[in-house]
Amino acid sequence: MMSACGGGEGAPSTGGTASTASALSVSGIDADTSKALASTESIASSAAMVHPGLLHTQDDFGRMSEKVGAQVSPWVDGWNVLIANSHASLGWTPRPQAVVYRGSDGVHSENYRLLYNDIAAAYACALRWKVSADTAYADKAVQIMNAWSSTLTGLGGDTNAALAASIYGYEFANVGEIMRDYAGWQAPDFARFQAMMRNVFYPVNHDFVVRHNNTEVTHYWANWDLCNMASIMAIGVLCDDRALFDEAVAYFKNGAGNGAIRQAVYYVHPGNLGQWQESGRDQGHNTLGIALMGAICEMAWNQGIDLYGYDNNRFLAGAEYVAKANLRETDTTFYTVPYITYNNVDNVNQTALSTAAQGNIRPCWAVVANHYVNRKGMAAPYSQKFAAQIQPEGGGGNYGPNSGGYDQLGYGTLAYTREAIGAGTAPSGLTGVASAGSVVLSWWGTAYATGYTVKRSASPGGPYTVVASDITDPLTWTDNTATASTCYYVVTATTPSGETSPSNEVRVVTGLQLHTWLPLDDATGTTAADASGGGHDGRLQGDAIWTGGRSDTAVSLNGSNAYVALPADILADVSDFTITAWVQCRALRNWTRLFDFGDGTGRYMMFTPRAGNGLPRFAITLNGYSGERHIDGVAAFPVGQWVHVAVTLSGKGGALYINGSLSGQNADLPFAPWHLGGTRQNWLGRSQFSADPYLNGLVDEFRIYRGAMSAAQVAGLVGG
27 MMSACGGGEG APSTGGTAST ASALSVSGID ADTSKALAST ESIASSAAMV HPGLLHTQDD
87 FGRMSEKVGA QVSPWVDGWN VLIANSHASL GWTPRPQAVV YRGSDGVHSE NYRLLYNDIA
147 AAYACALRWK VSADTAYADK AVQIMNAWSS TLTGLGGDTN AALAASIYGY EFANVGEIMR
207 DYAGWQAPDF ARFQAMMRNV FYPVNHDFVV RHNNTEVTHY WANWDLCNMA SIMAIGVLCD
267 DRALFDEAVA YFKNGAGNGA IRQAVYYVHP GNLGQWQESG RDQGHNTLGI ALMGAICEMA
327 WNQGIDLYGY DNNRFLAGAE YVAKANLRET DTTFYTVPYI TYNNVDNVNQ TALSTAAQGN
387 IRPCWAVVAN HYVNRKGMAA PYSQKFAAQI QPEGGGGNYG PNSGGYDQLG YGTLAYTREA
447 IGAGTAPSGL TGVASAGSVV LSWWGTAYAT GYTVKRSASP GGPYTVVASD ITDPLTWTDN
507 TATASTCYYV VTATTPSGET SPSNEVRVVT GLQLHTWLPL DDATGTTAAD ASGGGHDGRL
567 QGDAIWTGGR SDTAVSLNGS NAYVALPADI LADVSDFTIT AWVQCRALRN WTRLFDFGDG
627 TGRYMMFTPR AGNGLPRFAI TLNGYSGERH IDGVAAFPVG QWVHVAVTLS GKGGALYING
687 SLSGQNADLP FAPWHLGGTR QNWLGRSQFS ADPYLNGLVD EFRIYRGAMS AAQVAGLVGG
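Numbering (this note's numbering), first residue to last: 27 to 746.
See below:
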């Protein structure tokens with residue numbers, strides 16, 4: 027039974043809490059993709075938009091028509107579900123409203139069911155026209171759209187009005203996009219429909235992603251952002267407004283809310299299983315996330331933007347995780363997936379995968395499986411299995427009478443099924459993470475593979491030695507035998523056609539290696555040179571100045587506007603680490619920073635000499651301050667004297683040292699710096715939170731190492 031969408035029952039309240047160019051060794055991602063992780067460049071293009079170019083292109087309609095005409099399964103099976111649906115009827119009568127209400131405002135009754143039923147009817151009739159060429163169905167779709175565009179003036183209710191504006195916004199825009207080339211839809215009527223989408227739906231969408239109803243940004247679940255992003259994108263294409271389309275793409279990549287890709291796919295486990303942000307909530311909402319992001323990716327793809335592949339196919343990681351979590355391994359048990367605790371501003375503190383509505387069926391898997399497998403030649407075993415298990419996918423009305431059954435347009439078997447690809451691509455997206463002396467590898471598989479082989483070398487480019495073979499599922503392997511401090515890996519697949527070419531090569535450092543060293547002895551100018559040779563020079567900002575240091579010079583920060591900026595993505599390929607520095611605080615205020623690496627208040631890693639409890643703290647988070655994992659010291663931080671600080675991470679074990687002595691530790695730190703993704707704000711002396719004070723003091727000898735120092739090594743560093 028399909029659950030309600032991301033609003034309705036269980037929807038968040040309006041309240042919230044305010045808060046103060048080489049392959050990456052950890053990710054194996056090429057340089058262009060690496061840069062894109064933190065990109066702020068405009069996505070705008072002068073190229074004309076493709077029409078029809080939302081969920082379906084003219085080529086898609088040609089394929090549907092050809093396959094149905096030839097009575098080929100599974101396309102014809104999807105067609106039969108469509109024409110049997112009561113919404114796909116010439117007898118459908120639209121029921122337009124001047125104002126649509128979703129959620130109670132204390133005065134008006136909800137009437138949004140009228141809108142989503144009419145949209146389902148318009149979409150079903152539009153598909154019938156495109157596949158059959160029967161213009162009677164085109165006329166019916168136009169009748170429904172004209173009725174609404176000549177009547178609807180507003181959206182109301184409570185905060186759930188944002189869901190009505192977004193879910194029904196992206197769906198209705200898709201109907202308009204299908205019908206835009208129909209000669210029977212008069213130009214003034216089409217223009218009025220565009221105006222309705224731009225003036226009634228879009229302002230609500232935009233306001234939500236900008237303000238989130240004035241709540242702390244982690245308050246709303248991923249689906250709220252996703253449906254609004256989908257609507258903005260769809261309206262942009264419908265209205266030929268590149269700025270709107272770009273707004274949605276930019277938010278997908280770098281948005282602050284939980285619907286942006288790095289928050290929606292909250293954590294990527296080994297084997298590229300991406301824990302979805304709503305996995306601990308319930309599976310009805312969890313699967314809705316795949317339906318919404320799948321629609322976003324398909325619409326962008328049809329406009330020439332590859333969001334499917336963004337950030338090493340991060341959406342596929344999420345889809346495979348959600349599919350696996352909702353597929354039965356046996357008649358009585360589901361497949362198991364890894365899970366780490368998720369928390370937000372509302373202190374949901376979800377410690378396990380939710381079994382509520384587990385096995386939930388939504389018509390969303392055909393688009394995922396057919397893109398990755400039959401377009402790209404990759405393996406997507408769980409998404410593919412789910413798509414096959416539930417085909418032919420239906421549409422509105424086939425999954426229950428409530429809103430959850432209308433949260434997606436559906437009919438994916440008819441619309442998205444593609445001919446099986448002849449052969450798979452080579453394994454790709456190989457990543458390698460140094461963890462407690464071992465190397466954890468993950469990669470993307472290839473269609474038709476029966477097993478995978480891992481090969482290792484001590485030199486880039488080989489020669490390689492086979493270190494593991496016949497790997498099937500999950501696509502991950504841990505190397506516990508690496509003896510060289512730096513190793514190079516590739517993966518090949520065994521297929522019916524033989525062994526594939528190798529994947530990308532990934533470099534992993536397993537020993538202790540100096541990554542960044544700022545002696546801060548520069549004395550003049552604004553450059554703090556990196557003596558490690560890594561090119562990670564710092565830049566003095568504000569009124570930062572040089573002064574006498576612990577030895578030679580140090581940088582002096584004034585506590586009001588002075589800090590040191592470090593390069594973007596400085597930790598993007600770092601897993602196990604050691605960070606050390608000497609610092610002398612003139613005065614301490616809560617939440618001042620020695621260092622803070624991040625991309626805003628959602629994802630960061632920091633050390634403060636004094637947290638709210640009066641103790642020094644190291645913290646790292648992937649979803650804001652409520653999701654922080656941290657290490658607290660045991661004593662107040664000294665003032666007016668030079669103090670050595672060291673933080674280490676080995677696997678999931680973190681340690682904090684003050685003046686060479688262990689001051690705190692945490693054995694459950696699953697986040698490493700590379701999990702942060704792209705970081706554009708990497709600072710000494712400044713916080714991601716604008717209200718936090720700047721550091722008032724001196725900093726000397728700042729260092730970052732790959733690998734975790736032992737207690738003895740930290741003590742040795744302090745001593746000399």
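Built from N, CA and C at the ideal position, the CB exists for glycine as well. Only a predicted model underlies this, so the values are computations on that prediction, with no experimental measurement involved.
Quick one: grab the DSSP three-state call for residue i.
i: C513; result: strand
i: K481; result: strand
i: F728; result: strand
i: C611; result: strand
i: Y13; result: No answer is possible for residue 13: it lies beyond the span of the chain, which begins at 27 and ends at 746.
i: W617; result: coil
i: T498; result: coil
i: T521; result: strand
i: S714; result: Strictly speaking, residue 714 in this sequence is Gln, with Ser absent from that position. Residue state, collapsed to three classes: coil.
i: S45; result: Because S45 carries a pLDDT of 32, less than 50, the predicted location of this residue cannot be relied on, and the following value inherits that uncertainty. The answer is coil: DSSP assigns S45 none of H, G, I, E or B.
i: R169; result: Reading off the sequence, residue 169 comes out as Gln, not Arg. Q169: helix per DSSP, three-state reduction.
i: N239; result: helix
i: N708; result: strand
i: G262; result: helix
i: V532; result: strand
i: H656; result: strand
i: V744; result: helix
i: S60; result: With a pLDDT of only 35 at S60, under the threshold of 50, the placement of this residue in the model should not be trusted, and no figure is reported.
i: V393; result: helix
i: A248; result: helix
i: N143; result: helix
i: L544; result: strand
i: S175; result: helix
i: L189; result: helix
Rounded to whole angstroms, how far is the Cβ of residue i from the Cβ of residue j, which I believe are closer than 8 Å?
i: D726; j: T618; result: With a Cβ gap of about 17 Å, D726 and T618 do not count as contacting.
i: M223; j: I261; result: 5 Å
i: R121; j: D85; result: That pair is no contact at about 34 Å.
i: N312; j: W302; result: 5 Å
i: I657; j: Q691; result: 6 Å
i: Y336; j: I287; result: 6 Å
i: N231; j: L314; result: Actually they are not in contact, since the Cβ atoms of N231 and L314 sit about 17 Å apart, beyond 8 Å.
i: Y347; j: L299; result: 5 Å
i: S527; j: T244; result: Contact flag wrong, Cβ pair sits at about 43 Å.
So, is residue i buried or exposed, given that buried needs 16 or more other C-beta atoms within 10 angstroms?
i: G421; result: buried
i: D556; result: buried
i: A661; result: exposed
i: A760; result: An answer regarding residue 760 cannot be provided, because it is not within the stretch 27 to 746 covered by the chain.
i: D595; result: buried
i: R354; result: exposed
i: A274; result: buried
i: L181; result: buried
i: V466; result: buried
i: S60; result: The predicted model places S60 with a pLDDT of 35, which falls under 50 and marks its position as unreliable; any figure quoted below should be read in that light. S60 comes out buried.
i: T40; result: Any reading at T40 must be qualified, since the residue scores a pLDDT of 34, below 50, and its modelled position is unreliable; the value itself is stated next. T40 should be labelled exposed.
i: F728; result: buried
i: D131; result: exposed
i: P635; result: buried
i: L116; result: exposed
i: D207; result: exposed
Are there any heavy atoms of the ligand SAH lying less than 7 Å away from the beta-carbon of residue i, as far as the coordinates show?
i: D266; result: Of the ligands one can find in the structure shown there are none, so the ligand SAH has no counterpart to examine.
Three or more C-beta pairs below 8 Å linking the segment 583 to 592 and the segment 558 to 565: Yes, the segment 583 to 592 touches the segment 558 to 565.
Between the segment 506 to 513 and the segment 566 to 581, can you find at least three pairs of beta-carbon atoms closer than 8 Å? no
Contiguous alpha helix (DSSP H) assignments of at least 4 residues, all confined to the segment 662 to 700: As summarised for the segment 662 to 700, there are no continuous alpha helix (DSSP H) elements at least 4 residues long confined to that stretch.
I'd like the ranges of any beta strand (DSSP E) spanning at least 3 consecutive residues and lying wholly in the segment 322 to 372. none
Could you say if the segment 678 to 690 and the segment 609 to 627 meet the contact criterion of at least three C-beta pairs nearer than 8 Å? no
Tell me whether the segment 288 to 304 and the segment 357 to 375 touch, counting them as touching only if at least three CB pairs, one residue from each stretch, are closer than 8 Å. These segments touch.
For the segment 728 to 739 and the segment 597 to 612, state whether three or more C-beta atom pairs, one from each stretch, are separated by less than 8 Å. yes
With contact counted as at least three CB pairs below 8 Å, one residue from each stretch, are the segment 511 to 520 and the segment 463 to 477 in contact? yes
For the segment 173 to 180 against the segment 210 to 226, are there 3 or more C-beta pairs whose distance is under 8 Å? With contact defined as three or more Cβ pairs closer than 8 Å, the segment 173 to 180 and the segment 210 to 226 are in contact.
Mind the definition here: the segment 195 to 207 touches the segment 138 to 153 only if three or more C-beta pairs lie below 8 Å; say whether that holds. Enough Cβ pairs lie closer than 8 Å, so yes.
If we count Cβ pairs, one from each stretch, closer than 8 Å, do we get three or more for the segment 470 to 480 versus the segment 496 to 505? yes
Jot down the residue ranges of each uninterrupted beta strand (DSSP E) in the segment 450 to 482, minimum 3 residues, whole runs only, in chain order. As summarised for the segment 450 to 482, the continuous beta strand (DSSP E) elements at least 3 residues long and confined to that stretch are 454 to 461, 464 to 470, given in chain order.
Segment contact, 8 Å Cβ cut-off, at least three pairs: the segment 407 to 416 with the segment 381 to 397: yes
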